[in-house]
Each structure stands twice: as C-alpha cells, then as structure tokens.
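Just so we're aligned, residue 4 is where the sequence shown starts under my numbering, counting upward by one.
Glycine residues also receive a C-beta, built at the ideal position from the N, C-alpha and C atoms.
Keep in mind it's a predicted model, so treat the numbers as computed, not measured.
For reference, the structure discussed in these notes is given below.
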Amino acid sequence: MLEVVRNTFKNPELRKKILYTVFILVIFRIGSALPAPFIDASALVGLTGDGNNIFGYLNMLSGGAFQSATMFALSIQPYINASIIMQLLTIAIPALERLSKDGGDGRKKINKITRFATVGLALVQAFGYYLLMRNSGAIDQAYLSGAAMWVVGITIVLAFTAGAALVMWLGEQITERGIGNGISIILFAGIISRGPAAVEVLYQNFKQGSANYLLVPLVVAIFLAMIVFIIVMTNAERRIPVQYAKRVVGRKMYGGQSSFIPIKVSMSGVMPIIFASAFLSLPSTITMFWTPTAGGFWDKFFGALSPTGAAYAILYFFLIIAFNYFYVAVQYNPVEIANNIKSNNGAIPGIRPGKPTVNFISKVISKITMVGAFFLAVIAIFPIIFTNASGINVSLGGTSIIIIVGVALDTMRQMESQMTMRHHRGFLE
Numbered sequence: 004m005l006e007v008v009r010n011t012f013k014n015p016e017l018r019k020k021i022l023y024t025v026f027i028l029v030i031f032r033i034g035s036a037l038p039a040p041f042i043d044a045s046a047l048v049g050l051t052g053d054g055n056n057i058f059g060y061l062n063m064l065s066g067g068a069f070q071s072a073t074m075f076a077l078s079i080q081p082y083i084n085a086s087i088i089m090q091l092l093t094i095a096i097p098a099l100e101r102l103s104k105d106g107g108d109g110r111k112k113i114n115k116i117t118r119f120a121t122v123g124l125a126l127v128q129a130f131g132y133y134l135l136m137r138n139s140g141a142i143d144q145a146y147l148s149g150a151a152m153w154v155v156g157i158t159i160v161l162a163f164t165a166g167a168a169l170v171m172w173l174g175e176q177i178t179e180r181g182i183g184n185g186i187s188i189i190l191f192a193g194i195i196s197r198g199p200a201a202v203e204v205l206y207q208n209f210k211q212g213s214a215n216y217l218l219v220p221l222v223v224a225i226f227l228a229m230i231v232f233i234i235v236m237t238n239a240e241r242r243i244p245v246q247y248a249k250r251v252v253g254r255k256m257y258g259g260q261s262s263f264i265p266i267k268v269s270m271s272g273v274m275p276i277i278f279a280s281a282f283l284s285l286p287s288t289i290t291m292f293w294t295p296t297a298g299g300f301w302d303k304f305f306g307a308l309s310p311t312g313a314a315y316a317i318l319y320f321f322l323i324i325a326f327n328y329f330y331v332a333v334q335y336n337p338v339e340i341a342n343n344i345k346s347n348n349g350a351i352p353g354i355r356p357g358k359p360t361v362n363f364i365s366k367v368i369s370k371i372t373m374v375g376a377f378f379l380a381v382i383a384i385f386p387i388i389f390t391n392a393s394g395i396n397v398s399l400g401g402t403s404i405i406i407i408v409g410v411a412l413d414t415m416r417q418m419e420s421q422m423t424m425r426h427h428r429g430f431l432e
C-alpha cells in the first residue's frame, strides 16, 4: 500500500489532482466552521435531538454545520434535491428526456438547469432555516422588529444560499480538476468529520463500566464487518451475456465477439435509505413543534414511530424495499436496453430478440433489485437493533457507512484507472 501511495505521488498530474482535491476540502471545512452573522448557535444545540429527526439527517449530511449555523449549513443538500428532481422530471417531461439523450450538449443544459434549481431550493431552505432559528431563540430580539428584521433576515438567507451555491461550485471543481465525483467527495468529507465524535462516544461507553469492556470492541468488529459486507455487495453484479452477430463491411468482417451487460446488485446506491429516512423523520420532527396530549391517539401514534421502536424498524425496512424498486424502475428501462442490444446486432444466447429479451431482462432486474433492497434494508436497520440490544448509541448509521464506502471505492477506481494507464499497480489488486 505504501508503494502504491508512493507511485501515486510520483506522477505529477495525479499528485496535482490529489492536492487540488485536498485544497478544496480544506476550503469546505473552513466554510463549515465559519459562523453565519446574527446567529447564536448555542440555542440550536437541542435541535437535532438524538439525530433521528429531519434536522439530525440534515446535520449528518452537512458534517455538523447545520446545527452550528455556519455559512455552509445547507451544505450539498440543495444540490442533491435538485439532482433528484431533475432525474424524475427527465422521465416525466419529453423535452428533458430528449436533452438527456442529446450527448454532451444536452447534459450541459441539464446541468445548467440543475444549478438554477439548486439556488432556488437553497433560497427556500435558507428561509425555512431562518424561521426555525427565530422560533428557537437563536436570533436576538433586537433583530426581530422594524427595519432590522428585514436587513438581518435577508442577510442570513442570502448567506446560507451563497454558502450552498459555493459548495456546489466546489464540488464541480473537484469533478473537473480533482479526483473522484466532487459532490460525493464533499458529502464524504462532511460525514468523516463526525468520526471523532463517534470515537468519543465509544470511549465514554468504555469508561462507564465493566459491561462495556466487551461491547466496545464488539462495536468496532461489527463496524469492520459491515464495511466488508458493503464492499462485497457494492461490487457484486449479475452479468447478462450478449453475443454480437458477424457483419461484412467492404472486405472486412466486424462483430462476432461476446460481451456482457453488468447489472449491479446495489443499483440504486444509498438513495432508498435517504428517501425512507427523510420520510420517517417527519413524525419526530412534528413533535418538536407540537406536543400531543399525553395518552391520546397522536401521543401513542408518535410513540409507536419512535426511532428506537420496533414499528419504526419494520416500517423502515419495508419503505427501503419499496423505494429501491421505485428508484430502479425510474432509472432502468428494460425496453431501452433490449433495443440497444438489437440495434448493435446483438442477442442474449437462448433468448429471442424483442419482447422475450425485454421479459428476460425485466426478470433479472427484478431478482437483483430484491437482493439489493434486502441488502440496504438490513444495513439500515441493523444499527437500530444493535442499539436496542446493547444500549450503546453510536454513529453506525447505514446511510453514513454506505456513502463512505461507496465514495472511497469510486475514488480508488478512478485512481486505479489513471495509474493503470501509467503502468502502476493499483489499489484494488
């Protein structure tokens, strides 16, 4: 491994990309620690609760910047939301679908629309965050009346919006000039920054008593096992063989080779967990603004959906499976895959072209989707089960671990490909 790192930094181009990425991440972390004006962040300490409400989710994605009310409090969340909305609209609106299939120029136009949508969503989220801080007492009463209210309100909203736009720009710079996908790298950096806090929690549990002397090493072992399991499932794929027919062009013969279509087990990545966790965080978020009558229907309802309860875990499990099927259905079209195979004079051995090929691909994708859905669901609910069984509440969220491992693997593959072109041994050998 040390030799690989040494070879990486021996290459001037690759070294420049790595150092540029590190430089961008340093700017990101500085912005995540730079406080926004007119805000008392100490009043927001209890806002995220145990981390299982919508604010805890946003705080996790921002690396703690949301709770600290810094300039990058919104982090990359507006861009993620805008990207998801654009993906769905690309399927629903024919004009956007044509743009997505129009090569590089079409993608540039979609990216431009996504940037404008990001700024618009950031304005809405920044205004909502401003109202939340007013209700939480994070803004001094002297700034909540008269002309000062307008000046302070506009300043705070524009500061958060500018921070979100700058984070988006930093991510694009990493993608263009650095290593890996910029947005994923920034998300990765934000989550990793919370690592010391998780280690501190483990240390405090270790100091509490003899019962935790065995539990803390067990947590570390389980954490490593989850990483190995996620790596195996992330790399797992089902390969559909494709045989291409021979064709003669002039005096030359083309085709005749065999290939395959790789279908990942984890096709949807972490998106189903993000959808499900955001949906299930709404009840605990509502209780932060409205306290139901003790013993009443709503009190029992919200209590049953407590993030540490069995009902929450069961509902979380099935929502992840449902959202996984939905996301895969949106992203992968068996008819389009079959048409691409046919247009390239290819065929799946033993399967006739046309509708039989579509049915075969649909059947394969359905089976693979079920395996990937159960994989995501198990990873997501395991921390809940472990916390209830051991009493140790640590940052072992399935979303965080999958994002960390996925981004690390993707970045290593990109470095692998660049080093392979220069005859260096890679990370994944």
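Notebook entry, point to check: Is Arg137 helix, strand or coil by DSSP?
Noted result: Within the sequence shown, the letter at position 134 stands for residue 137. Arg137 falls in the helix class under three-state DSSP.
Next item on the list: Compute the Euclidean distance between the alpha carbons of Ala72 and Gln260, then round it to the nearest angstrom.
Entry: As a first step, residue 72 is located in the sequence shown; it is residue number 69 there, counting from the start. As a first step, residue 260 is located in the sequence shown; it is residue number 257 there, counting from the start. Ala72 and Gln260 have their C-alpha atoms roughly 58 angstroms apart.
Check: Helix or strand or just coil, what does DSSP make of Gln260?
Finding: Looking up residue 260 in the sequence shown gives position 257. Here Gln260 carries a coil assignment [DSSP, helix/strand/coil].
Note to self: I need the straight-line Cα distance from Leu102 to Gly140, nearest angstrom please.
What the structure shows: Reading the sequence shown from its first residue, position 99 is the one you call residue 102. Reading the sequence shown from its first residue, position 137 is the one you call residue 140. Their Cα atoms are separated by approximately 46 angstroms.
Notebook entry, point to check: Could you give the distance in angstroms between the alpha-carbon of Ser309 and the alpha-carbon of Phe326?
Noted result: Your numbering for residue 309 matches position 306 in the sequence shown. Your numbering for residue 326 matches position 323 in the sequence shown. About 21 angstroms.
Notebook entry, point to check: Gly433: buried (16+ other C-beta within 10 angstroms of its C-beta) or exposed?
Noted result: Since the displayed the chain opens at 4 and closes at 432, residue 433 lies outside it and no answer follows.
Item checked: Residues that DSSP places opposite Gln246 in a beta bridge -> As a working note, residue 246 is residue 243 in the sequence shown. Beta-bridge annotation (DSSP): Gln246 is paired with Ser261, Ala350.
Check: CA-CA distance, Trp293 and Leu227?
Finding: What you label residue 293 is simply residue 290 of the sequence shown in a count that begins at 1. What you label residue 227 is simply residue 224 of the sequence shown in a count that begins at 1. When only Cα atoms are considered, Trp293 and Leu227 end up about 40 angstroms apart.
Checklist line | Beta-bridge partners of Lys267, as assigned by DSSP | finding: Counted from its first residue, the sequence shown places residue 267 at position 264. According to DSSP, which records beta bridges pairwise, Lys267 is partnered with Glu240.
Item checked: Burial state of Gln1, where buried means 16 or more other Cβ atoms lie within 10 Å -> With the chain represented from 4 up to 432, any question about residue 1 goes unanswered, as that position is not in the structure.
Notebook entry, point to check: Can you give, in chain order, each stretch of the alpha helix (DSSP H) that sits fully within the segment 305-363 and has at least 4 residues?
Noted result: Runs of the alpha helix (DSSP H) inside the segment 305-363: 313-334, 337-346.
Note to self: Between Gly156, Ile406, Tyr133, Ile186, which has its C-alpha nearest Arg118's C-alpha?
What the structure shows: As a position in the sequence shown, residue 118 is number 115, starting the count at 1. Arg118 has its Cα closest to that of Ile186, out of Gly156, Ile406, Tyr133, Ile186.
Item checked: Same chain, Cβ closer than 7 angstroms to Gly156, neighbours up to 5 away in sequence not counted -> Taking the first residue of the sequence shown as position 1, residue 156 is located at position 153. Listed in chain order, the non-local C-beta contacts of Gly156 below 7 angstroms within the same chain comprise Tyr133, local neighbours out to five positions each way being set aside.
Notebook entry, point to check: Does the Cβ-Cβ distance between Gly107 and Gln246 come in under 8 angstroms?
Noted result: Counting from 1 along the sequence shown, the entry for residue 107 is found at position 104. Counting from 1 along the sequence shown, the entry for residue 246 is found at position 243. Contact: no.
Margin query: Across the segment 165-174 and the segment 9-25, are there enough close Cβ pairs to call them in contact, namely three or more that are closer than 8 angstroms?
Written below: No: fewer than three Cβ pairs fall under 8 angstroms.
Check: Are Val456 and Ile194 touching if we call contact CB-CB under 8 angstroms?
Finding: One cannot answer for residue 456 here, as it falls past the ends of the chain, which runs 4 to 432.
Checklist line | Start and end residues, alpha helix (DSSP H) containing Phe69 | finding: Here residue 69 refers to the residue found at position 66 of the sequence shown. Residues 68-71.
Checklist line | Ala145 to Phe69 span [Cα, whole Å] | finding: If you number the sequence shown from 1, residue 145 lands on position 142. If you number the sequence shown from 1, residue 69 lands on position 66. Roughly 23 angstroms separates the two Cα atoms.
Notebook entry, point to check: Does the separation of the CB atoms of Ile387 and Ala316 fall below 8 angstroms?
Noted result: Residue 387 sits at position 384 when you count from the first residue of the sequence shown. Residue 316 sits at position 313 when you count from the first residue of the sequence shown. Closer than 8 angstroms, so yes.
Item checked: Whole-angstrom distance between Val25 and Glu175, CA atom to CA atom -> By one-based count along the sequence shown, residue 175 stands at place 172. By one-based count along the sequence shown, residue 25 stands at place 22. Put simply, the backbone Cα of Glu175 is about 14 angstroms away from that of Val25.
Check: What distance in whole Å lies between the Cβ atoms of Pro337 and Ile354, which are believed to be in contact at a cut-off of 8 angstroms?
Finding: The residue given as residue 354 occupies position 351 in the sequence shown. The residue given as residue 337 occupies position 334 in the sequence shown. About 12 angstroms; that fails the 8 angstroms criterion.
Check: From this set, Gly123, Glu240, Phe75, which residue's C-alpha is nearest Val367's C-alpha?
Finding: Residue 367 sits at position 364 when you count from the first residue of the sequence shown. Taking only the C-alpha atoms, the option nearest Val367 is Glu240.
Notebook entry, point to check: Alpha carbon to alpha carbon, how far is Ile116 from Ala332?
Noted result: Position 113 of the sequence shown holds residue 116. Position 329 of the sequence shown holds residue 332. Each residue's alpha carbon lies about 24 angstroms from the other.
Notebook entry, point to check: Which parts of the segment 67-155 are runs of the alpha helix (DSSP H), unbroken and 4 residues or longer, counting only runs that do not cross its ends?
Noted result: As summarised for the segment 67-155, the continuous alpha helix (DSSP H) elements at least 4 residues long and confined to that stretch are 68-71, 80-95, 97-103, 106-139, given in chain order.
Next item on the list: Could you pull out every residue in the same chain whose Cβ sits closer than 6 angstroms to the Cβ of Lys267, ignoring the five residues on either side in sequence?
Entry: Indexing the sequence shown from 1 puts residue 267 at position 264. Closer than 6 angstroms at Cβ, skipping near neighbours: Glu240.
Check: Which same chain residues, not among the five before or five after Ala376, have their C-beta less than 6 angstroms away from its C-beta?
Finding: Working through the sequence shown from its first residue, we reach residue 376 at position 373. Setting aside the 5 residues that flank it on each side, Ala376 is surrounded in the same chain by Ile324, Asn327, each with a C-beta closer than 6 angstroms to its C-beta; the list follows chain order.
Item checked: Where Ile33 falls, given that 16 or more other Cβ within 10 Å makes a residue buried -> Here residue 33 refers to the residue found at position 30 when the sequence shown is read from its first residue. Around the beta carbon of Ile33, fewer than 16 other beta carbons lie within 10 angstroms, which makes this residue exposed.
Checklist line | Where Ala224 falls, given that 16 or more other Cβ within 10 Å makes a residue buried | finding: Residue 224 sits at position 221 when you count from the first residue of the sequence shown. It is exposed - the Cβ of Ala224 has fewer than 16 other Cβ atoms within 10 Å.
Check: When the Cα atoms are used, what is the spatial distance from Ala98 to Ile88?
Finding: Position 95 of the sequence shown, counted from the start, is the residue given in the question as residue 98. Position 85 of the sequence shown, counted from the start, is the residue given in the question as residue 88. Cα to Cα, the separation comes out at about 15 angstroms.
Checklist line | Residue nearest to Ala341 in terms of C-alpha spacing, selected from Ile94, Met274, Ile264, Leu173 | finding: Taking the first residue of the sequence shown as position 1, residue 341 is located at position 338. Of the candidates Ile94, Met274, Ile264, Leu173, Ile264 places its Cα closest to the Cα of Ala341.
Notebook entry, point to check: On the premise that Ile405 lies in contact with Ile159, defined as a C-beta separation below 8 angstroms, what is that separation, rounded to the nearest angstrom?
Noted result: For the purposes of this step, residue 159 is identified with residue 156 of the sequence shown, where counting begins at 1. For the purposes of this step, residue 405 is identified with residue 402 of the sequence shown, where counting begins at 1. Not a contact, Cβ separation roughly 33 angstroms.
Notebook entry, point to check: Relative to the alpha-carbon of Met74, which residue among Leu28, Leu161, Gly149 has its alpha-carbon at the smallest distance?
Noted result: Working through the sequence shown from its first residue, we reach residue 74 at position 71. That would be Leu161, whose Cα lies nearest to the Cα of Met74.
Checklist line | CA-to-CA distance, Ala313 to Arg197, given in whole angstroms | finding: Translated into the one-based positions of the sequence shown, residue 197 becomes position 194. Translated into the one-based positions of the sequence shown, residue 313 becomes position 310. Roughly 27 angstroms separates the two Cα atoms.
Checklist line | Paired residues, beta bridge with Pro38 - DSSP | finding: In the sequence shown, residue 38 corresponds to position 35, counting from 1. Looking at the DSSP assignment, Pro38 forms a beta bridge with Thr73.
Item checked: Sequence-distant residues of the same chain with beta carbon closer than 7 angstroms to Pro286, five excluded per side -> Position 283 of the sequence shown, counting from 1, holds the residue named residue 286. Once the five neighbours on either side are set aside, the close Cβ partners of Pro286 are Phe305, Leu308.
Notebook entry, point to check: When DSSP labels each residue in this structure, what does Trp301 get in the three-state scheme?
Noted result: Translated into the one-based positions of the sequence shown, residue 301 becomes position 298. DSSP places Trp301 in helix when its eight states are reduced to three.
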